[in-house]
Amino acid sequence: MSTAAPGHRRRRLLARPGRTLAEVLTLLIALVVAFPLYWMVLSAVKHPGEIQSSAPRPWTTAPTWDNFRRVLQVEGLGGYLLNSVVVALAVVVLSLFLSFLAAVALTRFRFRGRTVLAVMLLVAQMVPVEALTIPLFFLMRSVGGVVPQLGLNHLGSLVLVHLAFSLPFAIWMLRGFVAAVPRELEEAATLDGASRFRFTWQVLFPLVAPGLVAMSVLSFIHAWNDFLFARTFIISATENQTLPMAILVFFSPEGNDWGAIMAGSTLLTIPVLVFFVLVQRHLVSGLAGAVKG
Amino acid sequence: MPRRTPAPAATLSLLVLALAACGPPQVTSGLAEEDDLTGTLRVWLFDEADRGPKEEVVNRAVAEFEAQYEDVEVDVSYLQVDARSERFTGAFNDPASAPDVAEFGNTDLAAYVEANGFADLTEALATWPEAQDLLPSVLDTATVDGRVYGLPWYTGARALYYRTDVFDELGLAPPRTLTELRDTARRIRAARPELYGIAVGGNYHYALMPFLWAAGGGLAEQRDGTWRATVDSPESRAGVDLFSSLLAPDICPPEQCAMLTGTQSVQVFASGAAAMTIGGDFNRAAVDAGEAAGRYAVVPLPGTEPGTIAPAFAGGNLLGVLGSSRRSTLAREFVQLLGGKEYQREMYAAMGNLPTFADLQRDLADEDPAVRPFVETLRAGTRFVPPTPAWARIDAQAVLPTMVQRVATGESVDSATADAADAMNVAFGS
Amino acid sequence: MRVPATTTAPGDARPPGGGAPRRRRHRSSDLRIALLYLAPAGLVLAAMLAYPLYQLGVISLFDYGQAQASGGAPLDFVGLDNYARLLGEPRFWTVLVQTCVFAAVCVVGSLAVGIGLAVLASRVRVVPRMALFLAALGAWATPAVAGSTVWLFLFDQDFGLVNEVLAGIGLAGMENFSWTYDRYVAFGLVAAQVVWCSFPFVMITVYAGIRSIPADVLEAAALDGASPWRTLRGVIIPMLRGLLVVATIQSIIWDFKVFTQIYVMTNGGGVAGRNLVLNVYAYQEAFAASNYGLGAAIGVVMTGILLLITLGYLRAQRGTEES
C-alpha cells in the first residue's frame, strides 16, 4: 500500500457531476446557516425604526454606522478588548497543554481510578454554572487574600475559572483523539529508543493536533463570550471588565437598544472567525497531512 | 480531584461527616465602625445607553462636593443595569469591593436590606429640611418595616397612551373608566381589524396592578407581621378579570399579546399597530422614535368611576449608603446633595427623570404639558409592591404573568388567582 | 508535524503481539509519569471545581440566601428540606419531562446535521468547505443572546421575514402566525435555534475525525462501490465510535442545560410557563431571588439526573459494542 499523495486520490472519490452537486448543496447550506448571521449584521447597520418594521427587507437602502459608533464610544472599550484577548488567549494556551497532558495520562497509562477520574470530568460539566458562582465567588475572595492577581477584581480570576470550566471538556474530548492514535506507533517509537516524554511531545502532540485545534476554538469561544463570571468577579475594578460587558449597557429596562446590541455582537463574533481562519490550516491538515511526512 | 478513590460507601460517609462539620461560606464582618471624613468616596450609579447628560450633572455635583470637603475625592463608576444583581451581590459578599453610595431600583430594596446591604437613613432624613417635601407615597417605596433605607432620586408612573388620529377618525373620546377602556378597545378593533384595541401583555404586571388597585383589590396585606396574598379577594379577581379580558381576540389576541412585556407593548404601540397602550414617562422617547410619533396623546389611566385615576405602580430609583461604608457621614452628605432638589431638577432637564419632591413636580407639570398626565397620576396616589424580600421570589417565579396568561388562555379567574395566591403565600412563609 | 511515515494503515506494520511484555516492564513507572501529567490539570480542577462542588453540596443542606451569605441572617441547617421541597413540587416533574424530551430532540438534531455535514464537507473541495465552516463557526461563535434575538426577529409574528416570505408564497394563514405561542411550535423553534448553534461542534470534530481515517480505507470502500450512506455506516461511524460517543455526551450535557435560548425566545418560559426547562426553572425558583440553598439542591439533582442519563447511554454503547 502506498501512501503517496492520498489527497489526489481522495479528490477522485466522487465523480465530477456528483461532486458539483455536493458542492452546490454545501454552498446552499452554508447560506442558510449564515443567514441569521447576515441578519445580525444587517440589523447592526439598520436605523432603529427599521429593525422591527412591518415590512422587513433582507437589505437596507440607507445603511448607518450609528449603531457601531454607539458601541465604539463605550468608555474604556479598548481596555475591555485587551482584557478579553488576554483572558481568552491565556485560557486557550494553558488549557491546551494541561488538557493534552491529562488526556495522555488518562488514555496511554493504566492505573487504578482512571475510569472514576474520567467520570468526574463529566460530572464537572453537568453542574449548572449558576449554582457554582457563589462557592466560586468566596473561593476567589480567599485566593485574592493570598495572590491578589488571581483574586476578585483581577483578570487572573477569570483565567482560572474559565480554565477550570474548559479543562474537563477539553480533556474528555482529547481522550478520544489520543486513543485513536494507533498503539503500534507507540511501540515503534519505544523500540526506536525514544523516551516516553519525547514520544508524547514529538509523536502524539502533532497527531492529536486536529483535536487540539477544535478544542481550542471551543475554549476560546467559551472565554470570549462569557458575561456571567466577568460580572460576578469584577466588582469594583471596572477597568478589568471584558468586552461582552460593554454590550450590557444597551440592555435596559426601558427597552433594549437592539441596533447597538447587534453591532456589538457582530464585533464580538469577528475575532472568533479570525481565530478560526488562523487555525483552520491545522484543522484541515490534521493526521492525514501529518503522516504524509 | 482525589488521586486515589475510596469505595463509594466510604466516600459517602466521609462526605456526610464533612458536611456536618462545617457550613457554607459567610461574611463575618458586620457593619463598619469607622467614619472617615477624608479619602475617596466611591459611588455606583447606573449606566445609561446615552450616559453623557447624566454624567455631566453628576460631575457638577461631584465638583461642588469636592470643593466643600477638602481631602475628599469622589470616584463615580457606572454599572450596567443588567449586571446589577451580580455586582450588588459581590459588594455585599466582599465589603472590600463595595462602594459607599449606590443608586438602586426601589423594587430591589427589600432584598438588599435583608442582605444587610444598606444603612438606615431614617434619622438623617428626619433632620434634613428638604425631606419634608418628599411625596409620601414615593417615600414608602424606600421604606422597610418603618425604616427608610434610601432617598428617592427619581420616580416614574405609567399612564394611558392613545392614538389621536384613530380616536378622531372613529369619533371616540379617551375612556373615563377602565370598563369603558375595554369597550373602546373593542370598538376600535371591530372598526380597524388591523389594529390592536390596546397593546398590553401577559408579562406586563405593572399594567395589571392598576386594574387590581382600582377595583379595590391588592397584591398582599401584612397582618400581625406576616404577609398574606390578596390577589384572590373578590375585588382583586374583578381587576384580574377585567385586565385579562383585554387579552382576547377582539382586543389584543392572546397569540400575539399573552407574552408581551411592558417594553414590547410600548414597542407595538410605537410601531403603529395598536390604538392604545399603557406606558411610562420614560417610554416617550421610544414612542417618539416610531410610527406613532406626533399622532398620540397621554391621559392618566382612569379608575372604576369617571373622574378617578387608577392608582399606578410607583417605580423609581433610590440613592442609598452601603452598610459597609467606612465614610458614612460623607456618604450621607453626598446622597443629600445629589438627591436634593437642585440636582433632581437638573437630572430632569438632562434625563427627563421625574423628581420625587411634591413642589418640584408641580412646577414641572406647569412648565411641560407632556409630563402633566404622569405627574397627575403620581399626585393621585401611587402604590407599591409588598416591601418584603419574598417579592423578589414571587417576581422571579412569574406568579402574576402566569396567572394572567392562564386566564387569557381560557382558565377560570377563580382557579388562576387561587393558585397565584397559594404560590405567593408559600413565598411569604419562607 | 513530521512523523515517521511507517504505520498508517491498520494491519500494515502490526508487530504480532510483540509489544506486550515490554509494556508490562514499563508499568511501574507508568503511574509516576501519569501522576506527573495529571498534576497540573488536577490541581486546577481540584481547587476550582471539586472544592466548589463540595461546597455546593454543603449549601444545599442549609437555608442559605443572600442574607446568610453577607452576614445579615444566621445560618440555618435544614438537612434535606430543600430537596424535599423541590421533589414535592409537581411542576418540577412536568418541567423535568419537558426538559428530557426537548434535550433529546436537540441532541438528535445536532448529531444528524453535524455528522451529515461533516461527511458532505469531506467530499467537496476547499472553497465550499471553507464557506460552510465559516458559516458554522459564525453560528457557533455568536453570543447566545444575540443569536436567539436574531432568530426571534426572523420569526417575529408581525415584523419577521419568515412570515412575510411564507405569506408571499401563498400561505395566507402564516401572515400573523405566532411561532412562540403554541407550546410545541415554540419548543420546535427554540430547538431549531439550539441545533443551529450546536451542530458546528459535532460537524468540526467529526470532520477532524474523518480526516484522521487513513485515506486508503475510504478509498477501498469507494472502490468496492459503497454508497456514501454505506461508507458512513460501514466505515466512518465504526471508526469514529469513540469520537461520536464523546460528541453525543457533550450534546446531552449542553442541551439538557439550555438556558439563554428558552429564556430569550419564549420570554422566560412561554405562556403560563409551559415552555420551561430545568435550568430556567432553577433560575426562576432560586437564583433570581438569591435562594442559593434551593438553587444548590436543584444543581445537585440536575447533575444526578444528567449523570444517570449519561451513564445509561455509556452502558448502552458498551452493550452494542460487545454484541
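Residue numbers (UniProt numbering), protein chains in the order written: chain A, 1 to 293; chain B, 1 to 430; chain C, 1 to 323. Don't be surprised by glycine CBs; every beta carbon is placed ideally from N, CA and C.
Would you kindly report the start and end of the unbroken beta strand (DSSP E) that includes Ile-188/B? Element bounds for Ile-188/B: not the beta strand (DSSP E) but the alpha helix (DSSP H), 178–191.
Chain-ordered neighbours of Glu-73/B on chain A, where CB pairs are closer than 8 Å: By Cβ distance, chain A contributes nothing, its closest Cβ being about 15 Å from Glu-73/B, past 8 Å.
Output the distance between the C-alpha atoms of Gly-429/B and Thr-304/B, rounded to the nearest integer angstrom. 33 Å
Can you give the Cα-Cα distance for Gly-340/B and Glu-130/B, rounded to whole angstroms? 7 Å
Sequence-distant residues of its chain with Cβ nearer than 8 Å to Val-41/A (five each side left out): Met-262 and Thr-266
Please return the same chain residues whose Cβ sits closer than 6 Å to the Cβ of Ala-238/B, not counting the five positions on each side in sequence. Ala-215
Spell out the partners DSSP gives Phe-77/C in its beta bridges. Phe-62/C
Kindly indicate if chain B contains any beta-carbon less than 9 Å away from that of Val-277/C. no
The segment 218–235 of chain A in contact with the segment 151–160 of chain A per 3-pair CB rule at 8 Å: yes
Gly-270/C versus Val-235/C - alpha carbon distance: 44 Å
Is the beta carbon of Leu-134/B closer than 9 Å to that of Ala-380/B? no
Quick check: what's the CA-CA separation for Ser-99/A versus Ala-170/A? 6 Å
Please state if the CB of Phe-177/A and the CB of Pro-206/A are separated by a distance shorter than 9 Å. no
Residue-level contact to chain B via CB, Gln-193/C, 9 Å cutoff: no
Taking the alpha helix (DSSP H) that Gln-222/B belongs to, which residues open and close that run? Taken as a continuous stretch (DSSP letters only), Gln-222/B belongs to no alpha helix (DSSP H), being part of the beta strand (DSSP E) at 220–223.
Taking the alpha helix (DSSP H) that Phe-97/A belongs to, which residues open and close that run? 77–108
Which value, in whole angstroms, describes the spacing of the CA atoms of Thr-213/C and Ala-220/C? The amino acid occupying residue 213/C in the given sequence is Ile; Thr does not appear at that position. Their backbone Cα atoms lie some 12 Å apart in a straight line.
Pull the bridge partners of Leu-134/B from the DSSP assignment, please. Phe-357/B
State the CB to CB distance for the pair Ala-427/B and Arg-383/B, rounded to an integer number of angstroms; the pair is presumed to be in contact (CB under 8 Å). Not quite, the Cβ-Cβ distance comes to about 19 Å (not below 8 Å), so this is no contact.
So, Pro-24/B versus Leu-75/C, is the Cβ gap smaller than 9 Å? yes
Could you tell me which chain B residues have their CB closer than 8 Å to the CB of Ser-148/C, listed as they occur along the chain? Chain B residues near Ser-148/C: none, gap ~14 Å exceeds 8 Å.
Contacts of Met-245/A in chain B (Cβ-Cβ under 9 Å): Gln-80 and Ala-83
Hey, does Thr-179/B have any beta-carbon neighbour from chain A nearer than 9 Å? no
Residue 433/B - partner residues in DSSP beta bridges: Because residue 433/B is not part of the residues shown, which for chain B are 1 to 430, the question remains open.
Measure the Cβ-Cβ separation of Arg-189/B and Ala-275/B and say whether it is below 9 Å. yes
Would you say Glu-48/B lies against chain A (beta-carbon separation less than 9 Å)? yes
Determine the chain C residues that contact Asn-203/B at a beta-carbon separation under 9 Å, and present them in chain order. Asn-267 and Gly-268
Does Val-206/C have its Cβ less than 9 Å from a Cβ in chain B? no
Between the Cα of Glu-169/B and the Cα atoms of Gln-68/B, Arg-295/B and Tyr-348/B, which residue gives the shortest distance? Arg-295/B
If you reduce the DSSP assignment to three classes, tell me which class Phe-384/B lands in. coil
Put Tyr-149/B into one of helix, strand or coil per three-state DSSP. coil
Residues in the segment 139–170 of chain A having any Cβ partner in chain B nearer than 7 Å: Arg-141, Leu-152 and Asn-153
Once you ignore the five residues that flank Tyr-204/B on each side, which residues in its own chain have a CB closer than 7 Å to its CB? Leu-260, Thr-261, Gly-262 and Ser-265
Does the beta-carbon distance from Phe-220/A to Phe-275/A come in below 9 Å? yes
Closer than 9 Å, Cβ to any Cβ of chain A: which residues of the segment 90–113 of chain B, in chain order? Gly-90, Ala-91, Asn-93, Asp-94, Ala-96, Ser-97, Ala-98, Pro-99 and Gly-105
In chain A, which residues lie with their C-beta within 7 Å of the C-beta of Gln-55/C? Pro-135
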